[in-house]
Structures are given as structure tokens and as C-alpha cells.
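Note sheet for the following structure.
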Amino acid sequence: MVAHSVSARIDDRWGAGPAPGADDLAQLVYLSNLIGQEPRLVQPGGGNTSIKVGDALLVKGSGTDLRTVGPEGFTRLSLAALATLRTIETMHDAEMMKFMARAMLAEGPAPSVETPLHSLLPHRVIAHTHDVPTMSLTNVGDAVAQRLVAELFAGEIVYVPYVRPGFPLARAVSGIVDRLPRGAIGLALAHHGLVVWGEDSRECYARLLRAVNVIEDYLLSKRRSRTAPRAELVPTPSVDVRRRAAELVLPVVRGALGSTNRVILHFDDSDDVLTALANKGLPALARRGMATPEHILRAGALPAWLDLDPTAPPEETAAVVRSQLGRQRKEYEDYHARHATNGEAPLDDWAKVVLAPGLGMITASRDKRSAVTANLCYRAVLETIANAEAIDAFRFLSEADVFEFEHWPLERRKVDEQDAKEKASLLLPRHIAVVIGGGSGIGQAAARRFVEEGAHVVVADLDGGSAEAVAAGIKTTYPGRAIGVALDVRDDESLARLVRRTVFEFGGLDSLFYTAGQAPRFAGVTEIRREDLQHQLNVHYIGAVLAMGSAASVMRRQQLGGSIVASVSKAAMAPGRDAAAYGGSKAALLQAMRVAAVELGGDGIRVNAINADQIETPLFLKFVKERAAMRGVSVEDQLEAYRRRNVMGVSLIPAETVADLAALLASERFRYTTGDIITVDGGLPEAFPR
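Spelled out as C-alpha cells, the structure:
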């Protein structure tokens, strides 16, 4: 398992604290960020903090993250209004949220579902964590957990048996507040986490670390003294074998899990994960559940398993993956049928974690950041399982409790609303796109447009620095949604690395936009040289065809269809003087795309071309200067000549117009269109496709 054979104590990182003169809220923000930045204290999105200032409770808002939350992420509520919760025995979730909304003193994020807990505890500063040590100590039998908490803390930390988070937990805690020992500093919540309080943020943080490290010291002693038989291990293949297998498996998993709503994957084959998965006893333990209800939301109720032979032929492996995931989907539906009494529908995202011994851990979600969160959550689960087994025996919630939380209306409503918003407002939700030639011009505009429409994008360019800069610019607004890759389309291995990086980063590929270009080399047919022809063909034809083939291979493994679009230019349709090399290479690409449309249509993969002219890009402006010099005219006169030749009388068309069209062609709106050519040129009669 992912367990530590040495101490994993968490160091005090308070340091000098927040800036001198920081107010109470600034102190709380500082505390929150410190907690959020330590994944063994809380996984992304989980946990919450609060402070009582005067007549107000300031509590971390719903949807914020302790790692990054700022002052604006805290909701201010009336303590007087919240005090009436003490007199209420039951409250449905919808009522609770309306009640808290009425208690808000100012606009802000929706209050956390744990707001009633923070309000009913009288203490000034409160931190609630999903820390691995407490989860390890409390994911055993109730009697064992209660005894251990009492022995380790002698009343400083009080054990609370499991109650569903939200109002039920708040009521349960409210019932014991008056009976807490005088020196109590917190609560150990069964199958949930830790609540610690203090008079100020510094004291709360110190007490939190002290409690967590007391448990960690105990866990270390149990891990070291455990005399259980050596676990039987699954053989782990060599790095090369398992990485080749994973490159084949990831798109198949993505297709199997994303047939209704696509998913983005995260892949983890680090040594500690592989060691944990090699334990042949893990499948039985993992079927007992997660470590805290929050993990159900972010990592699913149970992981799926793949038992694969990494050396098997690719098609055999793909069939085994689909068969095993299909069988486990049926098992999930049976579990759902056992508990669905109020018309709950089976979840589309039933498997957020897929464990493949010998390969690694695959996590799936709506975007990369959520998939990484699922990974961090399940890493915490693996460590919790190992620790709980060293103490006694790992136990989580009953199947009925898991189902209740999995379908908790308060949380499912958020997911359903987000899904509906994606489908209504985005062209490419959860898609994975590769833009070749994305370092500038049309490609740069397209990369940003794809992401704006919901896609994750790989920006590839001969100038790797430009590709990374474009991706970095995108990530400032869309974190985790873009990477930059250096690519030379003239090199087969470089293309293979691009596809491999795409698969390992995001899990597959839905859309390829090929807009790599070379500046034309002008020469008449009597003067043209072989190297001139080859220079253009390498990029505009050979590189493009090989890129299409590599992309289509991944799309076929996914079985989700796909889109390939290339920027072909009007030169493929309309001959120009001295342009045999450039125009010929573009015409060859257009023919190859038509062939690909015929070959790939049965797989639902669409292949279309954009014929663009006069697009305002660095490459086109360089072309204009060269053409003007050849003809002995000014750049302005050359542009005027281009303007006059199209029926709309336009010149220097923005690159964003091509990007818009590329995104449309990649979307479901053009799901029945393939083998087509669409122009963005102001209307050139000699280049009309039909």
C-alpha cells in the first residue's frame, strides 16, 4: 500500500505568520492555505475553516479550495440567526441551504454544508480536515477507534461515531458540546476527519499539528511492529513494457468510461502506487470503500479494476479492458438497484478511479484538475487502508450509507447543473485537441478557441518555446487545460512523442487541427529544384498525413469518433504562378484528406479542410513581403491586389475567424459533415470548392 515505513510527521510551517497587523480574516486565510497545501491534511476541495468575529461567523464558502482561498472565499453569516439551529431537530438539505442564505450578512459564496457544525461549536477558530492519520485511526471498528482516541488523547480529542455530514452531523455534535471535557481541543469524526479549535488561528494550527502527529507517531509504531505475513505480489513489468501497454490502454479506458459524457484522465505510475497495486490482497480491501464521504464525491464509491497482461497484443488488451469495465459497470448497476428507492438514476461517472496492477492508477473526471484531485484522494485512501490494517482491520461505511452520500441531492445537483451548463454553452466540453502549428498565427488562435469551448489542448510547434508560451498564457485563465510540446513533423519519432505525451497527459484524443506551415519557395516549373518540392511536401503533405494517421489510431481505440481538420489554403484549389511546390503540397494534402474521410468515416472520425487566404499571421505577412518584392510593388499595393480579387473586398482576415471554424468543425454541430472544404477568404471565385 501507499504507506510510510518512516515517520510522516507534518512539520509546523507557520513561520513568521501573515504580514504584521493582519486582521482576523487574514490570519484565517493564512491558516487555511497552510492546511490546504498539505495533501496529508486535506485533499483539494475538502475541509473547511471558520472564525467568529463579533456577531458574525466567517466560514469557508462552498466551491472554494483551502489551498488557494482568499478573503473573498469566506461567507459572513449572523451568529444570532445560526443560533436558532440549536432548537431544530431535523432539517432537509434544501431547507438548510435556504436557512443559511437568509443568515448571510453580505454577498459571498454559498455557505459550506458544514456551516451548521462551525456555528454550533462555541469555539472561536475551527479547522476541519480530512487528514490521513485521523482517517486511518477511525476507519476501523467503532469500539476500536473510540478506545484508541481515548488512549491517545485522554479527553483532549473526543470520538464521534459516524453521522452524515451537514445538518445531521451538526446536530450530533451539538448534543455533546456541553459534555465535552474541560481541556478538549477537538473531535475525531468516524470515517470523516478531524475538527480542532483554538482562540486564534495560530493556536488552532498548532493544536491541529499536535493532534495529527500524535496519531502519526502511533501509526508508525504499529506499522513497524506489525508481524503480518509478507503480502503476495503481482509481478511488475519493466518500465518500457508497462508504458507501451499504458499508452494503448488509456484511450480504451477513456472511451469505455466516456461513452455518454467524455472524461479527462490522469495517469499515475509512480513507484509507491505500483507497489501498493502489486499487493494481491488489495482488491478485497479496496472493495470496502473510501476513507471519508468527501472521497465518494471526488473519487467515486469504489475503484474499478483491470487485470491485464501488459505483453498481450493490442487488440486483445483493448477487448479485455472493455469487457472488464463492462462487467464492473453491470456490478455497479446491480448495487444501484439494491438501494435506489427514490428514483435515483445510475451515475454516468460511476468509476472515477481505475486501478491496473503492473500499469498504475488511472483517474477520470470532467477536467484535468478534477482527475488529479481524484488521484490525490485515492492516494489518501491507499495510505488509510494500509494504516487501518496495521491497527486492526480497514472498515468504511455501509453500502447503504455510501449510496446515500453518493446520491446526496445537495451535491448531485451541483454536478448535474454543471453538466447541463457545459452542454448548453460549450462546443467541445471535455474534448482533447491537438493543434499542430499552435505556436503562432492561426494555430495560436485555434488553441485558445478550443480551450474556450471546453477542450483540453496540446499546443505543438517546431518552436517549442512558442508552444509552451501559448500554453502558459492559456493556463493563466484555464488552469490545467493546456500543455506545450516541441514537434518536428518531419521526424517520425517526434510525432510519436507528441501522441504519447497527449495520451499520458489527458488520456486520449478527440480533435486534430493541423495548421503547420512553411513559407513558400517561389520558382517557376523550369527552375524549381527537388529540394524545393521536398521542403514543402515534408511539412504540408507527408507530416500532415502521418499526423492524421497517428491521431486516428488513438481515436479508433477510444471508439468515440473524432475530428481531423487541416488548414489547406486556397493554393490547393487555385493555381498561382511560381507556386508549384507550395500549391502542389497543399493540393496533395487535400486529396489525402478526402481519402482519409473515406477510410475513417466508419469509425465516426470526420476529416475536413479549411481553405483560407489572406489571414493576418506572421507567415502570411512574410509571404506578402516576398511576393511584393518579386513583383516590384509595395506591400500596400500587394495587399490591395489581394483585396480586389475576392468578391467581398476584404484583406487581412483575423486568424480568429479560422479558429472559430476549426472549433465548429470539431464539434457535434458538424457531426454529419466529412470530406468537406470550407473557405475563409472573402470569396475567391477561382477557389470555390463547387
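First residue of the sequence shown: 1, per full-length UniProt numbering; consecutive thereafter.
Glycine included, C-beta positions come from ideal geometry on N, C-alpha and C.
Quick caveat, the model's predicted, so the values are computed rather than measured.
Item                                                                                                                                                                               : Value
Looking at the secondary structure, which residues open and close the alpha helix (DSSP H) in which Met-361 lies?                                                                  : Careful: Met-361 lies outside any alpha helix (DSSP H), inside the beta strand (DSSP E) at 360-365.
Quickly, what does DSSP pair Phe-74 with across the bridge? List them, please.                                                                                                     : Lys-60
Starting from the Cα of Ile-126, find the closest Cα among Leu-208, Ala-110, Lys-98 and give me that residue.                                                                      : Leu-208
For Ile-35, is the classification buried or exposed, using 16 other Cβ atoms within 10 angstroms of its Cβ as the cut-off for buried?                                              : buried
Out of Gln-614, Asn-33, Ala-592, point me to the one whose CA is closest to Gly-649's CA.                                                                                          : Gln-614
Within 10 angstroms of the Cβ of Thr-129, are there 16 or more other Cβ atoms? Answer buried if so, exposed if not.                                                                : buried
Among Ala-551, Val-525, Arg-556, which residue has its Cα nearest to the Cα of Tyr-582?                                                                                            : Val-525
When DSSP builds the beta bridges, which residues end up paired with Tyr-159?                                                                                                      : Ala-188
CA-CA distance, Arg-242 and Gly-326?                                                                                                                                               : 23 Å
Taking Cβ to Cβ, would you say Leu-410 is nearer than 8 Å to Asp-93?                                                                                                               : yes
Along the alpha helix (DSSP H) that carries Lys-98, what are the first and last residues, could you check?                                                                         : 93-103
Is it the case that the Cβ atoms of Asp-131 and Val-42 are separated by a distance below 8 Å?                                                                                      : yes
Pick helix, strand or coil for Ile-653, following the three-state DSSP scheme.                                                                                                     : strand
Quick one: what's Asp-532 bridged to in DSSP?                                                                                                                                      : None; Asp-532 has no bridge partner.
Which two residues bound the contiguous beta strand (DSSP E) that contains Leu-265?                                                                                                : 264-268
Do you know how far the Cα of Arg-202 is from the Cα of Leu-382?                                                                                                                   : 31 Å
Looking at the secondary structure, which residues open and close the beta strand (DSSP E) in which Ala-420 lies?                                                                  : No beta strand (DSSP E) holds Ala-420; the alpha helix (DSSP H) holding it covers 409-425.
Take Gly-576 and list the residues in its own chain whose beta-carbon comes closer than 7 Å to its own, dropping the five residues that flank it on each side.                     : Gly-583
Report buried or exposed for Arg-40, applying the criterion of at least 16 other Cβ atoms within 10 angstroms of its Cβ.                                                           : buried
How should Pro-111 be labelled, buried or exposed, when 16 other C-beta atoms within 10 angstroms of its C-beta is the threshold for buried?                                       : buried
Just curious, the alpha helix (DSSP H) that Arg-298 is in, first and last residue?                                                                                                 : 293-299
With DSSP as the reference, label Ala-393 as helix, strand or coil.                                                                                                                : coil
Identify every run of the alpha helix (DSSP H) within the stretch 492-530, keeping only runs that are complete inside it and at least 4 residues long; order them along the chain. : 492-506
In this structure, how does DSSP classify Pro-20 when only helix, strand and coil are distinguished?                                                                               : coil
With a threshold of 7 Å on Cβ separation, who are the neighbours of Gln-444 within its own chain once the five nearest residues in sequence on each side are excluded?             : Gly-438, Val-470
Could you check what DSSP says for His-118 in three-state terms: helix, strand or coil?                                                                                            : helix
On the three-state DSSP scale, how would you describe His-130?                                                                                                                     : coil
Which residues in the same chain have their Cβ closer than 8 Å to the Cβ of Trp-197, if we skip the five residues on either side of it in sequence?                                : Leu-121, His-123, Arg-124, Val-125, Ile-126, Ala-127, Ile-185, Gly-186, Cys-204, Arg-207
Sort Ala-587, Gly-289, Gln-328 by Cα distance to Ala-574 and report the nearest one.                                                                                               : Ala-587
Please classify Ile-176: is it buried, with 16 or more other beta-carbons within 10 angstroms of its beta-carbon, or exposed?                                                      : exposed
For the putative contact between Val-113 and Pro-165, defined by C-beta atoms under 8 Å, what is the C-beta separation to the nearest angstrom?                                    : 6 Å
According to DSSP, simplified to helix, strand and coil, what is Val-466?                                                                                                          : Before going on, a small fix: residue 466 reads as Ser here, not Val. Correct three-state label for Ser-466: helix.
Return the Cβ separation of Val-353 and Val-249 in integer angstroms, given the expectation that the two are a contact with Cβ distance under 8 Å.                                 : Wrong, their Cβ atoms sit about 15 Å apart, outside the cutoff.
Excluding sequence positions up to five away, which residues of its chain have a Cβ less than 8 Å from the Cβ of Ala-26?                                                           : Pro-18, Ala-19, Pro-71
Counting only the same chain and skipping the five closest in sequence on each side, list residues whose C-beta sits under 6 Å from that of Asn-387.                               : Ser-136, Leu-219
For the alpha helix (DSSP H) that contains Gly-562, what are its first and last residues?                                                                                          : Segment 562-567 is the beta strand (DSSP E) holding Gly-562; no alpha helix (DSSP H) there.
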